[in-house]
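Under our numbering, read the sequence shown as residues 29 to 359, first letter to last.
The structure under discussion appears below in the form of structure tokens.
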Amino acid sequence: MRVLVTGGAGFIGSNFVHQTVRERPEVQVTVLDALTYAGDRESLAPVADKITLVEGSITDAALVDELVADSDLVVHFAAESHNDNSLNDPTPFVETNLIGTFTLLEAVRKHGVRFHHISTDEVYGDLELDDPAKFTPTTPYNPSSPYSSTKAGSDLLVRAWVRSFGVQATISNCSNNYGPYQHIEKFIPRQITNLIDGVRPKLYGAGQNVRDWIHVEDHNSAVWAIIEKGRIGETYLIGADGEKNNLEVVETLLEIFGLEKTDFEHVNDRPGHDLRYAIDASKLRDELGWTPRYTDFRSGLEATVDWYKANEAWWRPAKQATEAKYAAQGQ
Ligand code: NAD
Ligand code: DAU
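Here it is as structure tokens:
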């Protein structure tokens, strides 16, 4: 099988490529990635001789057409993915997340190629902190940020291309991922690399916001389950019952580094900051028999800390500029 992985040099995409090469040697992987600030050739270095990496944009219709024509399956991870960046400049979010997804859909429609669209739980907006409810595949779309609204728009494009043109597509909406190769602008790797540098972790607001953490390996095993067993046109929510508030996450990291639970600082909150995300993954579990492997958050976090300690050369070049951007916003 020939698989085209868009965004395969980013966090989740590169982990997907590693897992695929390791567990499915019969699959031929081609990565299409624009190598933006969030994409890194080095993230694919361990598998470089087993895959093809094409540097280019998913908005380039001619390139996309040529690559899709040579594929049996497209797994679409490429996106502008960071909420804080989308508040500073939404432009690349509209271009990549909306126009890029549209460009891919037109190509898979023309060539009759199976498509899996990677999306986020943020399309559903947020839940109250004291609400026992979780997101389900029928929760109404209600995105808050330029990032999540462009992801919501991309999901709707996929649904329309399935219904109107018979495109063979599935969609997955996953909660917050953690693990190796995550850009240090994101919450967990930002705090890990701060702690390695002897800098106190930075908590937005009071730290009460809840995220539903899942290890990236579990996200990607669910994606393969959907590709292999999912029903065309269906949406599957991916989550591993990992709800934690941000304060708890920072406290756990401080403990892992042998520091006091209070050794962090509060910084400016994110405008429009979503309160809580929580996934009901029963459709994925019951229909496709998927289960997560990383059920102990603390040990998953310890392994992630070890990875950042052992791979300083991978993240160090981006650290200063990333922190300067946050400092300019009082974060
Ligand atoms: P990331 O920012 O780490 O990686 C994105 C990748 O896409 C980068 O390699 C980047 O170079 C590439 N890219 C950006 N614009 C492109 C373009 N125009 N053409 C080709 N490549 C382009 O993102 P991530 O965290 O790995 O997220 C991957 C996908 O998973 C996204 O669709 C995101 O919405 C979704 N998602 C992420 C999470 C999470 O917790 N990180 C959770 C649920 C869903
Ligand atoms: O829910 C899935 C989404 O998770 C994905 O769609 C996004 O691509 C991904 O970036 C992530 O979005 P969040 O906005 O939840 O992730 P982020 O890592 O930016 O922040 C996680 C939480 O931590 C959030 O409540 C904001 C908070 N935070 C973040 C940073 C960077 C802090 O308290 N301090 C920080 O320094």
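Where a beta carbon is used, it is the ideal one built from N, C-alpha and C, also for glycine.
Note that the structure is a prediction, hence the values are computed from the model and not measured.
Asked                                                                                             : Found
Residue(s) in a DSSP beta bridge with Lys230                                                      : Glu293
Straight-line Cα distance separating Leu60 from Ser85                                             : 7 Å
Expected contact under 8 Å - CB spacing of Val102 and Val141 to nearest Å                         : 6 Å
Check: Thr124 C-beta below 8 Å from any heavy atom of ligand 1                                    : yes
Cα-Cα separation, Glu351 to Phe130                                                                : 34 Å
Where Lys337 falls: helix, strand or coil (DSSP)                                                  : helix
Cβ pair Tyr175, Asn237 closer than 9 Å                                                            : no
Supposed contact pair Asn205 and His247 - C-beta distance, whole angstroms, cut 8 Å               : 5 Å
DSSP bridge partner residues for Thr34 (one or two, in chain order)                               : Leu60, His104
Contact between the segment 91 to 99 and the segment 146 to 163 (3+ Cβ pairs under 8 Å)           : no
Exposure of Asp68, with buried meaning 16 or more beta-carbon neighbours within 10 Å              : buried
contact_flag[the segment 222 to 239, the segment 275 to 285] where n(CB pairs < 8 Å) is 3 or more : yes
Among Val244, Thr290, Arg239, Ala309, nearest to Tyr13 - alpha-carbon criterion                   : The first residue shown for the chain is 29 and the last is 359, placing residue 13 beyond what the model contains.
Glu70 versus Asp314 - alpha carbon distance                                                       : 37 Å
Heavy atom of ligand 1 within 8 Å of Gly194 beta-carbon                                           : no
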